[in-house]
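Here is the structure we will look at, set down as structure tokens.
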Amino acid sequence: MSSPSPLAYLSIRNTLSLYCEALDTKNFALLHSVFTPDVVANYPFNTHMSGVEEISGAIQKRLGPILTSHNLTTQTIEFSKVDARRASARTYFVAVHFGQGPREGEMLQAFGRYVDELVCLDGGDGGEEWRIEKRTVVFVRRVGDERVMSEF
Numbered sequence: 001m002s003s004p005s006p007l008a009y010l011s012i013r014n015t016l017s018l019y020c021e022a023l024d025t026k027n028f029a030l031l032h033s034v035f036t037p038d039v040v041a042n043y044p045f046n047t048h049m050s051g052v053e054e055i056s057g058a059i060q061k062r063l064g065p066i067l068t069s070h071n072l073t074t075q076t077i078e079f080s081k082v083d084a085r086r087a088s089a090r091t092y093f094v095a096v097h098f099g100q101g102p103r104e105g106e107m108l109q110a111f112g113r114y115v116d117e118l119v120c121l122d123g124g125d126g127g128e129e130w131r132i133e134k135r136t137v138v139f140v141r142r143v144g145d146e147r148v149m150s151e152f
């Protein structure tokens with residue numbers, strides 16, 4: 001089996017970055033370009049979710065009214081030795097949630113990692129598109145006022 005191309009690594013990184021962009025810009029339709037239609041996910045606030053619509057709805061409910069900044073840091077990508085169209089990624093993140101309304105000026109920072117299994121789909125232009133088919137979000141630490149996450 002040949003080594004994965006540098007473009008495969010970049011495509012995976014772009015997919016993972018697009019997730020952050022979707023959350024921070026509140027353009028949740030972008031999640032269809034991040035996840036496979038039958039994705040399964042476990043988040044600390046909502047476990048055993050399946051499908052893009054369920055995950056998108058849960059994220060919108062939780063983050064929709066809150067200004068956020070999601071930042072990806074250390075990352076490891078490993079390609080399957082059996083199937084080059086499959087990969088796993090562990091990506092550490094820092095997410096800052098900014099208080100709104102009566103919580104203006106307050107912040108909650110979440111430190112953690114995304115543990116993803118990805119699959120390569122054929123792109124319409126002959127290119128590759130990587131999508132997350134399984135995600136687990138692990139919080140390492142949360143610092144700040146949890147009330148920032150409450151609706152106002």
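Note that full-length UniProt numbering has the sequence shown beginning at 1, numbered continuously upward.
In this text, a Cβ means the ideal position worked out from N, Cα and C, and glycines have one as well.
These figures come from a predicted structure and were not determined experimentally.
State the Cα-Cα distance for the pair residue i and residue j, rounded to the nearest angstrom.
i              : j             : result
glutamate 78   : glutamate 104 : 41 Å
proline 4      : serine 88     : 13 Å
alanine 41     : threonine 136 : 6 Å
cysteine 120   : threonine 47  : 25 Å
leucine 67     : valine 138    : 21 Å
alanine 8      : arginine 85   : 9 Å
proline 44     : aspartate 122 : 32 Å
isoleucine 132 : valine 115    : 10 Å
glycine 144    : arginine 62   : 17 Å
Give me the DSSP bridge partner(s) of residue i.
i             : result
serine 69     : Val96
aspartate 116 : Ala89 and Arg135
leucine 16    : Answer by DSSP bridge pairing: none, since leucine 16 is not bridged.
arginine 142  : Ala110
glutamate 78  : Ser88
aspartate 122 : Glu128
methionine 49 : Ala41
For the beta strand (DSSP E) containing residue i, list its first residue and its last residue.
i          : result
alanine 41 : 35-43
Alpha helix (DSSP H) containing residue i: first to last residue?
i          : result
valine 56  : Note that residue 56 is serine in the sequence shown here, rather than valine. Serine 56 -> alpha helix (DSSP H) spans 52-63.
alanine 29 : Here alanine 29 belongs to no alpha helix (DSSP H), and DSSP marks it neither H nor E.
Under the assumption that residue i contacts residue j (Cβ atoms under 8 Å), give the Cβ distance between them as a whole number of angstroms.
i         : j              : result
valine 96 : methionine 107 : 6 Å
Practice prompt. Say whether the stretch 5-15 touches the stretch 44-60, bearing in mind that this needs 3 or more beta-carbon pairs closer than 8 Å, one atom from each stretch.
Written response: no
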